[in-house]
Amino acid sequence: MDAWLAQLRKIALNDQTPRLILIGATVVLFLVVIIDAFGARDRAVVSREAGGIARFTDDDSDVTVPSVYRVPRDFASESLREARLAQAEEETNGEGVDLPDEEEIAEAEDIAEAEAELEAEEEMAEAEAAEEEAAEAEAAEAEAAEAEAAEAEVAEAEATEEEAETAAEDSATEAAVAEDDLALLANADIANGESVWRQCRSCHVYDAERNQGGPHLVNIIGREVAIADGWRYSSALQDYDGVWTVEALLEWLENPDSYIPGNQMAFRGLRDEQDRIDVLGYLNENAQ
Ligand code: HEC
419 MDAWLAQLRK
429 IALNDQTPRL
439 ILIGATVVLF
449 LVVIIDAFGA
459 RDRAVVSREA
469 GGIARFTDDD
479 SDVTVPSVYR
489 VPRDFASESL
499 REARLAQAEE
509 ETNGEGVDLP
519 DEEEIAEAED
529 IAEAEAELEA
539 EEEMAEAEAA
549 EEEAAEAEAA
559 EAEAAEAEAA
569 EAEVAEAEAT
579 EEEAETAAED
589 SATEAAVAED
599 DLALLANADI
609 ANGESVWRQC
619 RSCHVYDAER
629 NQGGPHLVNI
639 IGREVAIADG
649 WRYSSALQDY
659 DGVWTVEALL
669 EWLENPDSYI
679 PGNQMAFRGL
689 RDEQDRIDVL
699 GYLNENAQ
């Protein structure tokens with residue numbers, strides 16, 4: 419017997435198995451107590467609610483119930499419900515309680531669905547109507563804008579007509595001269611004109627109002643003599659009262675010194691008449 423005890427003590431001291439079993443059992447016990455506490459709470463809730471029919475529901479979803487207790491609780495609820503139904507039947511003299519059956523529920527669901535559909539349709543129709551309205555408003559605006567533009571155009575056209583009339587009246591002869599004048603450039607060789615222009619471009623710019631070694635020549639044909647902004651003309655040019663017609667330019671370019679004596683354009687002139695016509699044709703072609 420002593421030997422057996424000694425043997426047992428040895429095992430207990432050296433082998434961990436008994437100790438582990440003990441710990442495991444304690445843990446399981448602990449868990450059971452905790453879970454039972456939950457179950458007790460739930461049972462308390464159920465029994466308290468059983469006191470009043472109105473407050474009783476089968477689905478106490480806000481009560482936390484460990485799954486092990488779910489089944490007994492459900493049994494409890496079920497029997498409670500049955501008991502209450504029996505009681506209610508008694509109270510209504512055996513006529514029974516009218517619980518909604520499946521068909522009725524399905525019907526109610528159908529109705530709800532149909533209503534929802536109707537509502538959605540109505541909403542859609544409303545949205546469509548609003549869209550249409552917006553489109554109409556836009557169209558009306560566009561029309562109004564068009565009408566305005568058309569009016570403005572008419573007014574402009576009238577104005578230009580009037581202007582043209584007065585201008586024609588004022589300078590019928592002048593216009594005729596200008597046309598004849600430009601006709602002098604009818605057979606200008608623009609390509610040759612461009613190469614002749616190379617002799618002028620060290621002093622003149624024709625496509626920007628920028629003075630270089632001479633006044634800029636923007637729109638020189640038909641321009642008054644000596645009016646380029648920011649260029650200090652010689653008194654000879656300043657005193658010369660006239661307009662640069664093609665005819666005048668042709669003479670000026672042939673021999674600047676003899677056309678306006680005392681000018682400061684250091685250029686001996688273009689002896690070839692075709693060169694003069696070509697360079698003026700080039701300038702006319704590129705007039706701004
Ligand atoms: C060396 C520079 C130089 C060259 C090259 C030159 N010009 Fe001039 N040009 C001038 C100057 C300077 C004046 C202003 C003269 C004055 O104020 O008396 C002038 C004036 C003019 C004017 C009168 C401008 C105005 O506002 O009334 C015309 C037109 C003109 N030049 C055309 C030409 C053409 C076309 C060429 C080339 C075939 C040319 N010039 C070559 C320097 C030059």
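Going by our numbering, the first residue of the sequence shown is number 419, and it counts up by one from there. The beta-carbon is built from N, C-alpha and C at its ideal position, and this holds for glycine as well. If you're wondering where the values come from, they're calculated on a predicted model, not measured in any experiment.
| said: Can you tell me whether Trp-422 is buried or exposed? The criterion is at least 16 other CB atoms within 10 Å of its CB, across all chains shown. | reply: Walking along the sequence shown from the start, residue 422 turns up at place 4. Flag for Trp-422 reads exposed.
| Neighbourhood of Arg-427 by C-beta distance below 8 Å, restricted to the same chain and skipping five residues each side | Your numbering for residue 427 matches position 9 in the sequence shown. None.
| query | Taking Cβ positions, are Gln-630 and Cys-618 nearer each other than 8 Å? | reply | As a first step, residue 630 is located in the sequence shown; it is residue number 212 there, counting from the start. As a first step, residue 618 is located in the sequence shown; it is residue number 200 there, counting from the start. Against a cut-off of 8 Å, the Cβ pair of Cys-618 and Gln-630 comes out as no contact.
| Using CA coordinates, which residue listed in Ala-684, Ile-639, Gln-682 is at the minimum distance from Leu-668? | Counted from its first residue, the sequence shown places residue 668 at position 250. Among Ala-684, Ile-639, Gln-682, the Cα nearest to that of Leu-668 is on Ile-639.
| Cβ-heavy atom distance, Tyr-651 to the ligand HEC, below 7 Å | As a working mapping, residue 651 is identified with position 233 in the sequence shown. Yes, Cβ of Tyr-651 sits closer than 7 Å to a heavy atom of the ligand HEC.
| query | When the distance is taken between beta carbons, is Ile-608 closer than 8 Å to Tyr-700? | reply | Translated into positions along the sequence shown, residue 700 becomes position 282. Translated into positions along the sequence shown, residue 608 becomes position 190. Their beta carbons are under 8 Å apart, which means Tyr-700 touches Ile-608 by this criterion.
| task | Classify Val-661 as helix, strand or coil using the three-state DSSP reduction. | result | For the purposes of this step, residue 661 is identified with residue 243 of the sequence shown, where counting begins at 1. Val-661: strand per DSSP, three-state reduction.
| message | Can you give me the C-alpha to C-alpha distance between Phe-474 and Asp-460, rounded to a whole angstrom? | response | For this step, residue 474 is matched to residue 56 along the sequence shown. For this step, residue 460 is matched to residue 42 along the sequence shown. Note that Phe-474 scores 46 on pLDDT, short of 50, meaning its location in the model is unreliable; the coordinates nonetheless yield the value given after this. Looking at the two C-alpha atoms, the distance is approximately 13 Å.
| query | Exposed or buried, which one is Val-614 when buried takes at least 16 other CB atoms within 10 Å? | reply | Along the sequence shown, read from residue 1 onward, the residue named residue 614 stands at position 196. Val-614 comes out buried.
| message | Given 7 Å as the limit, tell me if Pro-633 has its C-beta closer than that to any heavy atom belonging to the ligand HEC. | response | The residue you call residue 633 lines up with position 215 of the sequence shown. Correct: Pro-633 has its Cβ closer than 7 Å to the ligand HEC.
| Three-state class that DSSP yields for Glu-642 in the structure shown | By 1-based counting over the sequence shown, the position of residue 642 is 224. Strand at Glu-642.
| field | Separation of Val-623 from Asn-702, as counted between CA atoms | value | If you number the sequence shown from 1, residue 702 lands on position 284. If you number the sequence shown from 1, residue 623 lands on position 205. Each residue's alpha carbon lies about 14 Å from the other.
| query | Got a sec, what are the start and stop residues for the alpha helix (DSSP H) Asp-607 sits in? | reply | Locating residue 607 in the sequence shown gives position 189, where the first residue counts as 1. It is not in any alpha helix (DSSP H) - Asp-607 carries neither H nor E in the DSSP assignment.
| query | Going by the CB atoms, is the gap between Ala-654 and Gly-680 shorter than 8 Å? | reply | Sequence index remark: in the sequence shown, residue 680 carries index 262 (1-based). Sequence index remark: in the sequence shown, residue 654 carries index 236 (1-based). Yes; because the gap between Cβ atoms is below 8 Å, this pair is in contact.
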